[in-house]
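Here is the structure we will look at, set down as structure tokens.
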Amino acid sequence: MGRLDFIPDFSAEIKALLPFNSDVGLFVVGVVYFIALFLILRTLGYIGMRIVDRLSGKTKTTFDDHIIEAAKSVMNILVIFLAAFLAFFMVAPEAAIFGYPVREVFIMLGIILAAHIAQRFVLALLRWYEDELAPMGRPKRKELFSFINNIIKIGIYATALTIVLARMGIEIGPLLAGLGVAGLAVALALQDSLTNLFAGIHILADKPFKVGDFIIVDNDESKKGYVEEIGWRSTRIRFPQNNVLIVPNAKLASSQIINTYQPSKPMSIVFTVGASYEDKPDKVIKVINRVIDRILKNHPDIGDREFKIVRLADYKDSSIDYVIVIKVKEFMAQYGVMGEVKRQIYYEFEKEGITIPFPQTDVHLFQQKGKKGKKAG
3 MGRLDFIPDF SAEIKALLPF NSDVGLFVVG VVYFIALFLI LRTLGYIGMR
53 IVDRLSGKTK TTFDDHIIEA AKSVMNILVI FLAAFLAFFM VAPEAAIFGY
103 PVREVFIMLG IILAAHIAQR FVLALLRWYE DELAPMGRPK RKELFSFINN
153 IIKIGIYATA LTIVLARMGI EIGPLLAGLG VAGLAVALAL QDSLTNLFAG
203 IHILADKPFK VGDFIIVDND ESKKGYVEEI GWRSTRIRFP QNNVLIVPNA
253 KLASSQIINT YQPSKPMSIV FTVGASYEDK PDKVIKVINR VIDRILKNHP
303 DIGDREFKIV RLADYKDSSI DYVIVIKVKE FMAQYGVMGE VKRQIYYEFE
353 KEGITIPFPQ TDVHLFQQKG KKGKKAG
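Just so you know, we're using this note's numbering here: the sequence shown kicks off at 3 and counts up by one.
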């Protein structure tokens, strides 16, 4: 039952030639066969890989490169398996390992090895998609690819384990039922964790933000910062003050998120400066434009050196307000740029004699003469 007709059986000849204990002799000869077969198969595999490498270098796609890398990663273990398989069946085809026929043992090992090879090739396909297809219009999603690979890996190995257990004669029906009950109990116990897990999957799939983006949570200025890590339970947001806010994924998924890096990192900033009513608007706008042109030319955090808006905005109680709109490279750059604009405007206004008003109220007092009343008699 353990024989394979296409593999020659030399066990009888070897036993007849051995001058000592046949079992020990078969083991020694088996080791020699294994080493010889390993070297032969490894050499053939090396030559084959060199040929395939040269052919893949002539193609434009990276698909074959990823497949070859996957093949190289399983080459040694595959060669070891084949060498052991051939050596056993050439020397001791009727042997048993742990009570199982050697043929059955190698079938089960082959199933596990096939699962490992399949998992490596799935990973190669995902990496190819990430490196070559994702830049063609879709953003790279390393976290999502990693999660998909882990799910597929678990599925492949679980299937292989189920087949192996069935071949070993272990009844897997009660085992699967028991695992189902245990899974339900675990799911109830880890309800919050699972909620955060699936919320994390939703965040990775929907991609409202990615690692490195600057976000504002629920329009709350105290909850703004750079996304540092998107985990399966929580997301870490690093504040400009270098503190870290850890938000459960379930809560974050239901929050309103302002992503300052979408659709792109450069953003417009809008702010106002005031001048007194005594200063003519044309003069004030000219002075502000002079400052803005200087900032656009020299400041390193400007996002668009051609874009600017300077307009009269409003008449306030104590001043005429002028609005300024310029673009900066990213969200946090606005504070440095805005501070520098206001600083230079102060000195430019001072040089040009333009007054920056402050809130004040003029109170005029009028004394009203009252009529004199008649004295009572």
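C-beta: ideal position from N, C-alpha, C; glycine also.
- For Lys318, the closest alpha carbon among the candidates Val76, Thr274 and Val289 is that of Thr274.
- For Ile69, the enclosing alpha helix (DSSP H) has its first and last residue at Phe65 to Val93.
- Residue pairing by DSSP places Gly227 opposite Ile217 in a beta bridge.
- Rounded to the nearest whole angstrom, the C-alpha separation of Asn198 and Gly227 is 21 Å.
- Closest in C-alpha terms to Ile260, from the list Lys209, Phe87 and Lys74, comes Lys209.
- Residue pairing by DSSP places Phe273 opposite Ile326 in a beta bridge.
- Annotation: the continuous alpha helix (DSSP H) that includes Tyr349 extends over Ala335 to Glu354.
- Counted as a single uninterrupted DSSP element, the stretch harbouring Lys285 is not any beta strand (DSSP E) but the alpha helix (DSSP H) occupying residues Pro283 to Asn300.
- Rounded to whole angstroms, Leu125 and Asp66 show a C-alpha spacing of 13 Å.
- Per DSSP, the continuous alpha helix (DSSP H) segment holding Val124 begins and ends at Val104 to Trp130.
- In the pairwise beta carbon analysis, the region 317 to 333 is classified as touching the region 275 to 287: at least three pairs are separated by under 8 Å.
- Restricting attention to Ile69, Leu167, Asn152 and Arg56, the CA atom closest to the CA of Leu111 is found in Leu167.
- In this structure, Glu231 keeps its C-beta atom at 7 Å or more from the C-beta atom of Arg240.
- Selection Ala184, Leu254 and Ala38 evaluated against Phe211 yields Leu254 as nearest (Cα-Cα).
- Under the Cβ criterion (8 Å, minimum of three pairs), the region 329 to 341 counts as touching the region 299 to 307.
- Here the alpha carbons of Ile153 and Tyr159 stand approximately 10 Å from one another.
- Under the 8 Å Cβ criterion, the region 33 to 50 counts as touching the region 85 to 101, having at least three qualifying pairs.
- Residue environment for Ala207: exposed (fewer than 16 other C-beta atoms within 10 angstroms of its C-beta).
- DSSP places Ser195 outside any beta strand (DSSP E); the residue lies instead in the alpha helix (DSSP H), whose first and last residues are Gln193 to Asp208.
- A Cβ-Cβ separation of about 18 Å leaves Pro265 out of contact with Met334 under the 8 Å criterion.
- Linking Val213 to Gly171 through their CA atoms gives a straight-line distance of about 49 Å.
- The closest CA to that of Ser148, considering only Thr164, Arg129, Arg52 and Ala38, is found on Arg129.
- Of the candidates Ile203, Ile248 and Thr262, the residue whose Cα lies closest to the Cα of Trp234 is Ile203.
- The C-beta separation of Glu354 from Ile297 comes to about 17 Å, leaving the pair out of contact by the 8 Å criterion.
- Taking C-alpha positions only, Pro250 is separated from Leu196 by approximately 11 Å.
- Here Val54 has Ile70 as same chain residues with Cβ atoms under 7 Å from its own Cβ, once five neighbours each way along the sequence are excluded.
- Excluding the 5 residues flanking it on each side, Ala85 has same chain C-beta neighbours closer than 7 Å at Phe36, Leu39, Phe40 and Leu43, in chain order.
- Taking 8 Å as the upper bound for CB-CB distance, Gly47 and Val81 are in contact here, some 6 Å apart.
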